[in-house]
Every structure is written in structure tokens, then in C-alpha cells.
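Just below is one structure, and these are the notes that go with it.
Chains as they are written, first to last, in our numbering: chain A, 18 to 556; chain B, 153 to 363.
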């Protein structure tokens, strides 16, 4: 039954407010996922041969980076200037800023290094909101159940309990930093439901929640006297002690003059975010430019255990059109407010507020089975019926979703008058470095917070839990790292773990030509920006 | 994906002094990448919310500023990627502003330049988000911090207005200050406070709520 349509045909056939038909009988979730979710595409997984997760399944593109050679060697460190600090935070998004602020509140000297500008991160792009169980009919227990269920019970209950327990206090902390949230007419925080939640629980600042959060945290960090910030500094490698078992610092590279710096520290917090810019399975991504999985690579080489390396989130509603915005996000909040998903025939095909993995798989099914809509610029998608939402709730888009309107205005589309074309986009890394409730990884001295950490979201994250995690666990990691014990005695800094990893690669017969972390995607053609690896003789 | 296929006539423009050719649907960022233009370090979100990819743009005799990720290539334009803005000169920590009654005085101390606006419109014409920057600053000077902050709602902190201001007012930071003190002093949501009070009286570690 193939009846896919061109964009023009489908738009001509579309009628706002037309009967979208009854929902079809839902397909068994496991069958739907294994048949259509990109994680299950043939050839997308491989088995890791070396490292703490050897023998486990891992996404192919990520495995290539985890099993790659380091960008630097001991010889590169000769004469490199050394800086000392108590806590080094790598990453300038929400998790990094929260960790830096929490560590500074405990009296630690903090250095925050980011390879872009402070605040350039996935946090600033977040739209939907942040979860906190604050409504009368809601509870931390319900929040916990929703999180574990949507994650297919792969999450660590202790971490999830910490996450949901932190919720209300995280919102208070954010307000104290000066962050605004939408309120009802009586002054309560306005809450929305989300896909997979049993109660309205997502608090938000229109559809600019991440921007509001990030500009406030960025200003807090800049204004804090105890935090030093190095922008345009990529983390090239971590440093270990003589036995290669403990993290004692990192090597940073300045992107403007290619110089290296060594930072010696009591503890390092990885807050490097995700890996959307690896474009797994060739998907577009909602992520910012720096999301190249650097933290996972650095942590893995130093021996940190990772989890769920075969599970990624493809957000159901990425824009298809225009190419300039391909893969960019349309917030789930708009489905929470009532917008429907329609195929080329104008029919509904899935409960829009199912968890994201289910909705994405259903969209891919519609398109693969010939019920998708094809724009002339290429690609395929289904309708997100924003015009139908505007018809049933006039003015809602303008009041609550200004970012969507601003974005589509540039593209010459008015979502109040026509539906928008969407297709799943690579959005989030469900797993990451294994941590405890203090954000400590399995390597002493090394902490992880935010998307780079794993164990909370299981195999699928629900909306609003990422912003909660970055603040909740960012603060936990920052406080723990600041209080972690002084290591008296000689502070030898080495690349012993790099030597160990190279031996393992050679023993496994893996090539040493590939180097990681990437720091930026290949297509940015960085020219002279980042030449220090290219200048070196290959081993 | 960002890869592109050749289609349509090429557009010729100049980026950072380099003559480049790009396809018509490309943004300035994509054109810079495709041609290997060096020293393009200020690129982040690619959707106009991180405010990093600041450019100076010359179209014939008209000169302006913009965000590169939102600017499509045009024949003959000249683009210069601008360096990141300098660190703000205005120092304050919210926790030190304990009394809301003297907030107007504190504002004048922290941002003494704000009252000296000469209405040159430099900030307004430099704003890539169409914010009424000048009005926002005037509201802040008059003590209407909530309204001033609201005027800056879509501010992405590109700080092009700060760069443009001859009086060194730092309007983006004025706007953010207004937004922050509005939340800090006035956002007291009953439903959140009620839940926090319940947790205080019956903390989760107290025996129940363990998985």
C-alpha cells in the first residue's frame, strides 16, 4: 500500500482540523523497536575488542573512536607549561557550569575548560523543559517509575532515585541563580506532561528553557571569583599517575594558537556531553558542533567502564526542511500541548505521547512503508500538525513556542497555517561512563556528569530528565570532586594509560592510524585551526 | 547531514579575506567549512541560539553584523568572523544583593553607563534577534526590571550590542541582570515551595521511598 506523496501534493491534500481517523491498533513495542529503531539497523553494532567493555556490543562509529590511538604522546609534553588547580571541569555546558559552581561553593579552586565558547552546548538548545515532581498529584516515586519504565528498566535505581529526589531543589537552586520559569495565573510553576510521564511534571521557560538556563549559568560562572574559565581549549588527553590507575589531570590544546597546556589537579570532572556530531547511521543531528563523544574516548582510554554503548536516542521530531535546519529540533512540548503526528494520508499512526524511541520507530515505519512525504530538497518525513493545534487553541504557538516561530520564519514557513515536516534526528546518548551517586566513575579522581555519564536513562530517556540530570548530577559531582582527598606525596603525571591502551590495541591486531578524540567533526575542514596532530610523524 | 551535493549556480563571496565559492542554499558557516577557511572557531549550535558565530557583513555600501549560522550566502558579500566578545567588566554576585529595596541603587553602581544612553540605535541595528535593546535599557534605568528583562527574552548573548555601544553600556548583560534579579527576588511558586516543605518535614532518607 504505497502512497507516499511529494511535499506539494501532501500540502495540497492537507486540511487543518480534518478528521485524523482513529489510532490504529498499537504494534507490540518490542517488535516495533526491533523492526524500525535505528539501533537495530543491521551492521550498526560491533563488538569491542579492547578496554573495560571488551566483548560488549557498541555502535560502530563510536567503537572506532574508543579503539583509536591517542592524539599525543609523552614526547609532546616536553616543555609544556603546567598549571595547578583543585578541580578541572572539562565542558562548558549546563553540567560543567553546575559542577564548577558546586565545587567553587565548597571552596575549591576551579578551572573550567571548554573547546568552544562557554555555554556553546546542547544545553543552550534545549527547548522542552526540566522535570521535577512538584504537582499535588505527583511524587518522586512516580517520577522514578516513569524514568525506569521508559528506559526499559535498564537504568540504575540508585541513580534514578537520586535524580528524582533532587528535582524540586534543583528548580529552587536555578531560581536562586536567576533563572525564570513560566507560571500559571496563580503563580504556580506551569507544568506540562511529556511522552512517558504519568503526571504533568515538566517545568519550562516557554520553548527556550535551555537558553534561559544556559545564559544564567554562564553569567554565574563568569561572575564567580573562584572559577577560572579557559574557552577554545580542547581536552586532548587525560593524565594518569605512574601506575596509570588514577586521573591526575589533563592536557589541553588551545584552538587559536595550537599550544598545549598541562593541568595538574586533584580531580577531573568530565562534562563533555554527547556525540550527535558522529552522525550515527548517517542520521542528521539536533546536537551542537562539539558533540563528538570526546569524554567517552578519554574516559575509556583511562580505564573507565562505560554502559549502554549500543543505545541512542533519535528524537521523533527533527525538522526535514529547509536543509539549513535539517535535523534541528521541534520540541516535544508541542506534542504535549496537543499537536498530532499525521502520515501522507492525513491519518494518525501512533499515540504521540509514547516514549521517544517508540514514536521515532513508528515514524520510520510510516516512511519506510510508503506513507511518508517527500520534499524536493530530499529526505522524507511525516506531518507534525501545528496548524491543527493552532486551530484548536488559537494563539498558543505564539505564547508558548516563540522559538519554533522564530526558526521557521527564517525558512519562510508559518506553522500556524501549515503543518511541519519532521523525521527522527540523532539526539542523545542514553548510556555513558558508569557513575555512582557522587558522579564518580570507576577510575579514581575522574568524575562524569551530564550526557557523558550513563546509568540513569537506561535505554531511552524521557523529556526533561536531561536538564534535571545535568544540574542535579553536575552539582553532586562538583561537590564530591571538591571534597575528594588530598593526595600527598610526589605528584607524578604520566601518560601510562596511553601506553597501556596502545599495547592492548597492538595485541588485538587493531590499526593505530586512527586518532581520537575528534574534537570537531571532519566536515568543519578546520584548516589551520587544529594542526598539532597532523604535524606529527605517524608511528 | 551537512554534506551537500552540487546543485544550482555557485555563489562567489569573500570570507575572512578569502575568495570562496559556495552553493546558493549554504549558510556562511557551511561555505567557510566547504572552502577550508581558517580561523573559524566561533561556531557552536548552528541554529542561532548560542550567539557565538558573530560576523561583520558587507553588502555593497551597507555594513552590518549578524550570526553566520543564520546568514545565507549572497553573491559579492564580504564576511569577517569577529573575535569573541571581551569578558564583561561589570561585576556582581546575586547572593550579595540581599535587599530588594536598594536594587535600583545597586543597578546604578553595577551598570553606571546605562543611564548615559545617547540613543544612537547602534545596539538595535546590531541585534540579530530584533530586540528593542534601547527601550530595554531605558526600562532598566527607570527601575522596571521585569519589563526590561522581558524585552531581552530572546537574547542569545552574542553581545553584538555590547560591541556596538559607544557608551560601553553592555546592554546584553543589563538585560540578563534584569531577568536574573526578577527571578531571584520575585519567583516564589507556591507549588514548588509546598513540595520543598513536604520534603523538609519528611525527608526521603527517613525510612520510606527506597526502591
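Beta carbons are placed, not taken as given, at the ideal position from N, Cα and C, and that holds for glycine. Since the structure is predicted, the reported quantities are computational estimates derived from the model, not experimental observations.
key: residue 330 (chain B) (DSSP reduced to helix, strand or coil)   = The count along the second chain starts at 1 and reaches residue 330 (chain B) at position 178. In this structure, residue 330 (chain B) counts as helix in the three-state DSSP scheme.
query = Can you name the start and end residues of the beta strand (DSSP E) that residue 17 (chain A) belongs to?
reply = It is not possible to answer for residue 17 (chain A), since the shown part of chain A is limited to 18 through 556.
query = Which term fits residue 464 (chain A), buried or exposed, when burial requires 16 or more other beta carbons within 10 angstroms of its beta carbon?
reply = Stepping through the first chain from its first residue, residue 464 (chain A) is reached at position 447. Result: buried.
request  = For residue 445 (chain A), name the three-state secondary structure that DSSP assigns.
outcome  = Stepping through the first chain from its first residue, residue 445 (chain A) is reached at position 428. Strand.
query = Taking only beta-carbon atoms, is residue 592 (chain A) less than 8 Å away from chain B?
reply = The requested residue 592 (chain A) does not occur in the structure, where chain A is confined to residues 18 to 556.
query = Does the beta carbon of residue 166 (chain B) come closer than 8 Å to any beta carbon on chain A?
reply = Residue mapping note: residue 166 (chain B) aligns to position 14 of the second chain, counting from 1. Not an interface residue.
ask   = Applying the criterion that 16 or more other CB atoms from any shown protein chain within 10 Å of the CB defines a buried residue, is residue 272 (chain B) buried or exposed?
value = In the second chain, the residue the question calls residue 272 (chain B) occupies position 120. Exposed: under 16 other Cβ atoms inside 10 Å.
request  = Would you mind stating whether residue 163 (chain B) and residue 221 (chain B) have Cβ atoms separated by less than 8 Å?
outcome  = Numbered from 1 along the second chain, position 11 holds the residue referred to as residue 163 (chain B). Numbered from 1 along the second chain, position 69 holds the residue referred to as residue 221 (chain B). No, these two residues do not count as a Cβ contact at 8 Å.
message = Helix, strand or coil, according to DSSP, for residue 305 (chain A) in the structure here?
response = As a first step, residue 305 (chain A) must be located in the first chain, where it is residue number 288. Residue 305 (chain A): coil per DSSP, three-state reduction.
Contact with chain A by residue 311 (chain B), beta-carbon distance below 8 Å = The residue labelled residue 311 (chain B) in the question sits at position 159 within the second chain. Cβ-Cβ to chain A under 8 Å: no for residue 311 (chain B).
ask   = Do the CB positions of residue 331 (chain A) and residue 444 (chain A) come within less than 8 Å of each other?
value = Taking the first residue of the first chain as position 1, residue 331 (chain A) is located at position 314. Taking the first residue of the first chain as position 1, residue 444 (chain A) is located at position 427. For residue 331 (chain A) and residue 444 (chain A), yes; Cβs fall inside 8 Å.
message = Just to confirm my understanding: we take residue 259 (chain A), look at its own chain, exclude 5 residues before and 5 after, and list those with CB closer than 8 Å. What are they?
response = Here residue 259 (chain A) is taken as the residue at index 242 of the first chain, counted from 1. Around residue 259 (chain A): 509, 511 and 513.
ask   = What do you reckon, are the CB atoms on residue 54 (chain A) and residue 324 (chain A) nearer than 8 Å?
value = Stepping through the first chain from its first residue, residue 54 (chain A) is reached at position 37. Stepping through the first chain from its first residue, residue 324 (chain A) is reached at position 307. Contact flag unset, no.
query = When the Cα atoms are used, what is the spatial distance from residue 170 (chain A) to residue 476 (chain A)?
reply = Looking up residue 170 (chain A) in the first chain gives position 153. Looking up residue 476 (chain A) in the first chain gives position 459. For residue 170 (chain A) and residue 476 (chain A), the distance between alpha carbons rounds to 8 Å.
query = DSSP on residue 87 (chain A), reduced to helix/strand/coil?
reply = Taking the first chain and counting its residues from 1, the one referred to as residue 87 (chain A) is at position 70. Of the three classes helix, strand and coil, the one that applies to residue 87 (chain A) here is coil, per DSSP.
query = Which residue comes first and which comes last in the alpha helix (DSSP H) that contains residue 31 (chain A)?
reply = The residue given as residue 31 (chain A) occupies position 14 in the first chain. Careful: residue 31 (chain A) lies outside any alpha helix (DSSP H) and carries neither H nor E.
task = Would you kindly work out how many angstroms separate the C-alpha atoms of residue 284 (chain B) and residue 326 (chain A), rounded to a whole number?
result = Taking the first residue of the second chain as 1, we reach residue 284 (chain B) at position 132. Taking the first residue of the first chain as 1, we reach residue 326 (chain A) at position 309. Looking at the two C-alpha atoms, the distance is approximately 47 Å.
message = Please report whether the beta-carbon of residue 278 (chain B) lies at a distance below 8 Å from any beta-carbon of chain A.
response = As a working mapping, residue 278 (chain B) is identified with position 126 in the second chain. Not an interface residue.
inquiry  = Between residue 185 (chain A) and chain B, is any beta-carbon pair separated by less than 8 Å?
reply    = Here residue 185 (chain A) refers to the residue found at position 168 of the first chain. At least one chain B Cβ lies under 8 Å of residue 185 (chain A).
request  = Count the CB pairs spanning the segment 254-270 of chain B and the segment 225-238 of chain B that are closer than 8 Å, and state whether there are at least three.
outcome  = no
request  = Kindly say whether residue 7 (chain A), judged by its beta-carbon, lies nearer than 8 Å to any beta-carbon of chain B.
outcome  = This structure gives no information on residue 7 (chain A), because the portion of chain A shown stretches from 18 to 556.
message = Rounding to the nearest angstrom, what Cα-Cα distance links residue 379 (chain A) and residue 212 (chain A) in this structure?
response = As a first step, residue 379 (chain A) must be located in the first chain, where it is residue number 362. As a first step, residue 212 (chain A) must be located in the first chain, where it is residue number 195. In a straight line, the C-alpha of residue 379 (chain A) is about 14 Å away from that of residue 212 (chain A).
query = Three-state secondary structure (DSSP) at residue 250 (chain A)?
reply = As a working note, residue 250 (chain A) is residue 233 in the first chain. Note: residue 250 (chain A) maps to strand in three-state DSSP.
query = Exposed or buried, what is residue 97 (chain A) when buried is set at 16 or more other beta-carbons lying within 10 Å of its beta-carbon?
reply = Looking up residue 97 (chain A) in the first chain gives position 80. If you draw a 10 Å sphere on the C-beta of residue 97 (chain A), you find fewer than 16 other C-beta atoms in it, and that means exposed.
task = Could you tell me whether the segment 325-343 of chain B touches the segment 294-311 of chain B, using the rule of 3 or more Cβ pairs below 8 Å?
result = yes
inquiry  = For a cutoff of 8 Å on Cβ pairs, would you count residue 427 (chain A) as touching chain B?
reply    = Here residue 427 (chain A) refers to the residue found at position 410 of the first chain. Chain B contact via Cβ: present.
query = List, in order along the chain, the chain B residues whose C-beta lies closer than 9 Å to that of residue 419 (chain A)?
reply = As a working note, residue 419 (chain A) is residue 402 in the first chain. Those within 9 Å of residue 419 (chain A) in chain B are 305 and 306.
ask   = With DSSP run on the structure shown, which of helix, strand or coil describes residue 466 (chain A)?
value = Start at 1 with the first residue of the first chain, and residue 466 (chain A) comes out as number 449. In this structure, residue 466 (chain A) counts as coil in the three-state DSSP scheme.
ask   = Taking the C-alpha atoms as reference points, what is the distance between residue 289 (chain A) and residue 26 (chain A)?
value = Walking along the first chain from the start, residue 289 (chain A) turns up at place 272. Walking along the first chain from the start, residue 26 (chain A) turns up at place 9. Between residue 289 (chain A) and residue 26 (chain A), the C-alpha separation is close to 44 Å.
message = Please classify residue 343 (chain A) as buried or exposed, where buried requires at least 16 other C-beta atoms within 10 Å of its C-beta.
response = As a position in the first chain, residue 343 (chain A) is number 326, starting the count at 1. It counts as buried.
key: residue 181 (chain A) versus residue 200 (chain A) - alpha carbon distance   = Sequence index remark: in the first chain, residue 181 (chain A) carries index 164 (1-based). Sequence index remark: in the first chain, residue 200 (chain A) carries index 183 (1-based). Straight-line Cα distance between these residues: approximately 21 Å.
request  = Drop a sphere of 10 angstroms on the beta-carbon of residue 432 (chain A), count the other beta-carbons inside from all chains shown, and report buried for 16 or more, exposed for fewer.
outcome  = Locating residue 432 (chain A) in the first chain gives position 415, counting from the first residue. Counting Cβ neighbours within 10 Å, residue 432 (chain A) comes out buried, since at least 16 surround it.
query = Rounded to whole angstroms, how far is the Cβ of residue 370 (chain A) from the Cβ of residue 400 (chain A), which I believe are closer than 8 Å?
reply = For the purposes of this step, residue 370 (chain A) is taken as residue 353 along the first chain, with counting starting at 1. For the purposes of this step, residue 400 (chain A) is taken as residue 383 along the first chain, with counting starting at 1. Not confirmed; about 17 Å, so no contact.
query = If we ignore side chains and look at the alpha-carbon of each, how far apart do residue 183 (chain A) and residue 439 (chain A) end up?
reply = Sequence index remark: in the first chain, residue 183 (chain A) carries index 166 (1-based). Sequence index remark: in the first chain, residue 439 (chain A) carries index 422 (1-based). Looking at the two C-alpha atoms, the distance is approximately 34 Å.
request  = Assign residue 354 (chain B) to one of three DSSP states: helix, strand, or coil.
outcome  = Position 202 of the second chain, counting from 1, holds the residue named residue 354 (chain B). Coil.
ask   = Tell me the DSSP bridge mates of residue 440 (chain A)?
value = Numbered from its first residue, the first chain carries residue 440 (chain A) at position 423. A:335.
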